[in-house]
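*Asks:*
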Amino acid sequence: MDAYIVAAKRTPIGKSHPEKGIFRNIRADELLAALIKDIAKQNNLIDDVYIGCVGQHLEQGKNIARLASLLAGLPDLVPGVTINRLCASSLQAFHFG
């Protein structure tokens, strides 16, 4: 079976500050869910989710790929895996996918 990347997105970059940061009032899994939901609007071909995540703590400490997929409304049959390979996490997620 061949795998294809059919869409890619990222969140805007903003300062990370507990009182002034642009994303201070949103959890990481909610932010990721918004991205997944937007990708799913473009095409509904998502059958697996691979996410590279370096700082795995708080809500990121669990399987953030799976949690965000469920928050985004993907069917519970769609698996999700979180990969931590420090600075190469996204590259490793791409390689696994």
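Counting from 0, one number per residue, gives the positions in the sequence shown under numbering that gives the first Met the number 0.
Just so it is clear, CB atoms sit at the ideal spot from N, CA and C, and this is done for glycine as well.
Predicted model only: the values in this text are computed from it and were never measured.
1) Tell me which same chain residues have a C-beta within less than 7 Å of the C-beta of A39, skipping the five on either side of it?
2) Quick check on the DSSP output: the alpha helix (DSSP H) that includes I38 runs from which residue to which?
3) Count the other CB atoms, across all protein chains shown, that sit within 10 Å of the CB of Y49; report buried if there are 16 or more and exposed otherwise.
4) Could you say which of A92, V77, N83 and L85 lies nearest to N43 if we only look at CA atoms?
5) What do you reckon, are the CB atoms on A64 and V80 nearer than 8 Å?
6) Tell whether a beta-carbon distance below 8 Å holds between Q41 and A6.
7) Return the CA-CA distance between L30 and S88, expressed in angstroms with no decimal places.
*Replies:* Straight from the coordinates:
1) I45, A71 and L73
2) A27 to Q41
3) So Y49 ends up on the buried side.
4) Comparing alpha-carbon positions, the option among A92, V77, N83 and L85 lying closest to N43 turns out to be V77.
5) yes
6) yes
7) 18 Å
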